[in-house]
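Trainee: In the working numbering, the protein residues as written are 1432 to 2234. Ideal Cβ positions, reconstructed from N, Cα and C, are used throughout, including at glycine. Owing to the predicted nature of the structure, the values given are computational and were not obtained by experimental measurement. Following this message is one structure expressed as structure tokens.
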């Protein structure tokens, strides 16, 4: 029987402290303030409760605050707290927010946690990786990182749990506890959100924010933003499970290049260190010299083509592998302190590296260091939930400040987090001029600050698996994991469904990482369903559609890289749910199978096989079809005809979208040439484009970057467009650029175009190569848009366009 803890205040006067504590019947609770809108409430049950905080997810520091007590009420800044003795609750009220948050504590012999009152119509979002409704209310699910092979819609417990939840009532909750737990969001009791944990310190951060944007950005301020990615991370990856030899890698790449597919990285799955799926984890070296005769030569050859090499690693070391004997001092243990042997692990008998120990991390890092010396540029960490983590396995937490063994369940969700932290800290120390790329599958709140690029796990190669990606990417993005993406095309099972494959690639264009990946193991496992993930290996009809998708991905590089900057600087996710800025529009809340890619692009993937149309919601305002420039009024649901070679994508009126056509690889990227599309809208608008060298991890700290502002305002006689530099110290100078400005939305050719008051002549014919001689304009009568070609010098330049 759970005991609801009733709190009584004992403070008698005003005080100014960094923490306020008081006793309760059954334990104690305390307050800390982190900002005017963030309050931490901690609960400590009485008795034998493991109250240690294993998490260091929060990097913000609490501030001193004054506490006033008046007639049984507490006031902390704009916060008002009151005890409701009849209900055993704390009543929290913030500033001019009218509703009150009801917060209670509970504890029993096995679990303890918090109970929050829910209001009628309140919606709850977030909580990490769940292939369920975006609104989590009415669900109960574990807070426990969990592998789920071949999942599809309805998978409620996947690889990356984040106990951060956002309410449509204007607040968010972060339960900073990585132990095995659960969230029951109005399922057992429709009026109660219960979060329970099996151990560890019990903390909840209450965050005030009117919308997802304010809530997510505040949470990112608490736990950290993602560093800037290496620019090559935004290109196309060649990946499968898995390449079995050096020859296979080289032959597949040759086919990709022959078909003109840009490639920025090759990812090697577990066959780089063994010839079979089972029994090889832990080798972590090129043991087959016949299959991989010259790893360094292969990596160097790829590097000469500006292609990075990424290797998979796992934290399990199996009996009989090259490193098993040497690993035993660093493995997690049983209750008697002996190396724990997993006997029913899919991949074989062996142990798990205890990554909570500094010496174990040092030993594991040595395996990375050896491959980095060969030229490996990035890493893939698999099975990091950990995939097999029995409750009777123990970790040594002396390096976390607790000199005792703790059972796996107390630190389960932190395991992948510490793996990410290890790599980030080592790169910062040993390779300070390199931006880390780490593709991973599991972690905890705060993982983003370590440069992670997680994927959504082993999804089924099916339409249901594809549809599951919409709530997964949106839910993870607002849970503080901004680079979440999927195995484009699907991973497990399925059949040669060309339509599913191309629709998935078209969707992946507008996701943080573009990485077609799936099972294709050939003779290694004849019983597995093997389907190519590389577009060059599909029939010509599929290749043509896939090439359009990959080309578009590269064209959008300046826009996508700017979204990465927005995450690093402001904590904004790249994928944004339709109701990201507003909880009040019910249509936005319903439009969960579409999303915003940044603030400018609305993406509506085609999610049904054979669909001839796609219903979507256009928010209020005018919108342009990204592919046809057709203008459409928003504030309504529309039925769009579908086409095989594209998905519905709309651009908000007033937007600027910078592109860089013609790239063969991100290494070919030069912002000396830009094509910027502007979509005319009412009033005024602005877009800031960010650029740097794509590699320097300290670009923002050392002012080694450039920002270009594009502004537009409608005058009634035509738009006035301004281009100017907001930062001019990129590489110590402003690089002169050739800019093609395409302006969409005219009903006919404008009468004149002026640059800083001087007439820009019209040209009767436009050819790309002619665009590099002088300033000129060109009216495209077929597509009804104006093209202005000019030299950008960094100084403010103003274009006046008259109807």
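Using beta-carbon positions only, say whether residue 1559 and residue 1906 come within less than 8 Å of one another.
Mentor: Cβ distance < 8 Å, so residue 1559 and residue 1906 count as in contact.
Trainee: If you run the structure through DSSP and keep just helix, strand and coil, what is residue 2239?
Mentor: Lying before the first or after the last residue shown, residue 2239 is absent from the chain, which here runs from 1432 to 2234.
Trainee: What span of residues does the alpha helix (DSSP H) with residue 1991 cover, start to end?
Mentor: Residues 1988–2001.
Trainee: Let me know if residue 1900 comes out buried or exposed under the rule of 16 or more other beta-carbons within 10 Å of its beta-carbon.
Mentor: The residue in question, residue 1900, is buried, as its Cβ has 16 or more Cβ neighbours within 10 Å.
Trainee: Taking 8 Å as the cut-off, decide whether the C-beta atoms of residue 2066 and residue 2085 are in contact.
Mentor: Taking 8 Å as the Cβ cut-off, residue 2066 and residue 2085 do not qualify as a contacting pair.
Trainee: Which partner residues of residue 2190 appear in the DSSP bridge assignment?
Mentor: Answer is 2185.
Trainee: Starting from the C-beta of residue 1758, find all residues in its chain whose C-beta is less than 6 Å away, skip the five residues before and the five after it, and write them out in chain order.
Mentor: Hits under 6 Å: 1748.
Trainee: Helix or strand or just coil, what does DSSP make of residue 1651?
Mentor: Three-state DSSP puts residue 1651 in a helix.
Trainee: In this structure, how does DSSP classify residue 2215 when only helix, strand and coil are distinguished?
Mentor: It is coil, neither helix nor strand.
Trainee: Excluding sequence positions up to five away, which residues of its chain have a Cβ less than 7 Å from the Cβ of residue 1452?
Mentor: Excluding sequence neighbours, residue 1452 sits near 1459 and 1461.
Trainee: Please classify residue 2187 as buried or exposed, where buried requires at least 16 neighbouring CB atoms within 10 angstroms.
Mentor: Burial call: exposed.
Trainee: Relative to the C-alpha of residue 1964, which residue among 1867, 1629 and 1683 is closest?
Mentor: Looking at the Cα atoms, 1683 is the closest of the given residues.
Trainee: Alpha carbon to alpha carbon, how far is residue 2081 from residue 2230? Give it in angstroms, no decimals.
Mentor: Taking the straight line joining both Cα atoms gives about 25 Å.
Trainee: Suppose contacts are defined by Cβ-Cβ distances below 8 Å. Is residue 1897 in contact with residue 1648 by that definition?
Mentor: No, the Cβ-Cβ distance between residue 1897 and residue 1648 is not below 8 Å.
Trainee: Below 8 Å, how does it come out for the stretch 1971–1991 and the stretch 1688–1696: are there three or more Cβ pairs, yes or no?
Mentor: Taking 8 Å as the limit for Cβ pairs, the verdict is that the stretch 1688–1696 does touch the stretch 1971–1991.
Trainee: With DSSP collapsed to three states, give me the class of residue 1843.
Mentor: Three-state DSSP puts residue 1843 in a helix.
Trainee: Alpha carbon to alpha carbon, how far is residue 1828 from residue 1769? Give it in angstroms, no decimals.
Mentor: Distance between the alpha carbons of residue 1769 and residue 1828: 15 Å.
Trainee: Quick check on this structure: which residue in 1742, 1735 and 1738 has the alpha carbon closest to the alpha carbon of residue 1705?
Mentor: Among 1742, 1735 and 1738, the Cα nearest to that of residue 1705 belongs to 1742.
Trainee: Let me know if residue 2064 comes out buried or exposed under the rule of 16 or more other beta-carbons within 10 Å of its beta-carbon.
Mentor: Exposed, by the Cβ-count rule.
Trainee: Whose C-beta lies closer than 7 Å to the C-beta of residue 2052 among residues of the same chain, with five residues either side of it excluded?
Mentor: So the list reads 2065, 2083 and 2084, once near-sequence residues are dropped.
Trainee: Return the chain-ordered list of same chain residues with a C-beta closer than 8 Å to the C-beta of residue 1974, the five sequence neighbours on each side being excluded.
Mentor: Closer than 8 Å at the Cβ level, and outside the excluded window around residue 1974, lie 1690, 1966 and 1967.
Trainee: Going straight from the alpha carbon of residue 1865 to that of residue 2130, what length do you get?
Mentor: Approximately 11 Å, taken between the alpha carbons.
Trainee: Comparing alpha-carbon positions, which option in 1658, 2089, 1644 and 1532 lies nearest residue 2125?
Mentor: Nearest option by C-alpha distance: 1658.
Trainee: Taking the Cβ atom as the reference point for each residue, do residue 1608 and residue 1592 lie within a distance shorter than 8 Å?
Mentor: No. Outside cutoff.
Trainee: Taking the straight line between their C-alpha atoms, what separation do you get for residue 1498 and residue 1478?
Mentor: Distance between the alpha carbons of residue 1498 and residue 1478: 28 Å.
Trainee: Within its chain, find whatever has a CB closer than 6 Å to the CB of residue 2118; leave out the 5 residues flanking it on each side and keep chain order.
Mentor: Hits under 6 Å: 2087 and 2141.
Trainee: Quick test of your reading: residue 2108 and residue 2173, contact by CB under 8 Å. State the CB separation rounded to the nearest angstrom.
Mentor: Yes, residue 2108 and residue 2173 are in contact; Cβ-Cβ is about 5 Å, under 8 Å.
Trainee: Quick one: is residue 1620 buried, meaning 16 or more other Cβ sit within 10 Å of its Cβ, or exposed?
Mentor: Residue 1620 comes out exposed.
Trainee: Contact check, residue 1812 vs residue 1871 under 8 Å by CB: the rounded distance?
Mentor: Residue 1812 to residue 1871, Cβ: 4 Å. Contact.
Trainee: I need the DSSP call for residue 1683, collapsed to helix, strand or coil.
Mentor: DSSP places residue 1683 in helix when its eight states are reduced to three.
Trainee: Rounded to the nearest angstrom, what separates residue 1883 and residue 2115 at their Cα positions?
Mentor: Looking at the two C-alpha atoms, the distance is approximately 36 Å.
Trainee: By DSSP, does residue 1853 sit in helix, in strand, or in coil?
Mentor: Helix, per DSSP.
Trainee: What does the Cβ neighbour count give for residue 1678, buried or exposed, with the cut at 16 atoms within 10 Å?
Mentor: Residue 1678 is exposed by the Cβ-count criterion.
Trainee: Assess contact between the stretch 1785–1792 and the stretch 1846–1863, defined as three or more Cβ pairs (one per stretch) separated by less than 8 Å. Is contact present?
Mentor: Touching, per the Cβ criterion.
Trainee: I need the straight-line Cα distance from residue 1961 to residue 1581, nearest angstrom please.
Mentor: Distance between the alpha carbons of residue 1961 and residue 1581: 14 Å.
Trainee: Comparing alpha-carbon positions, which option in 2185, 2216 and 2214 lies nearest residue 2207?
Mentor: Here the closest residue by C-alpha is 2185.
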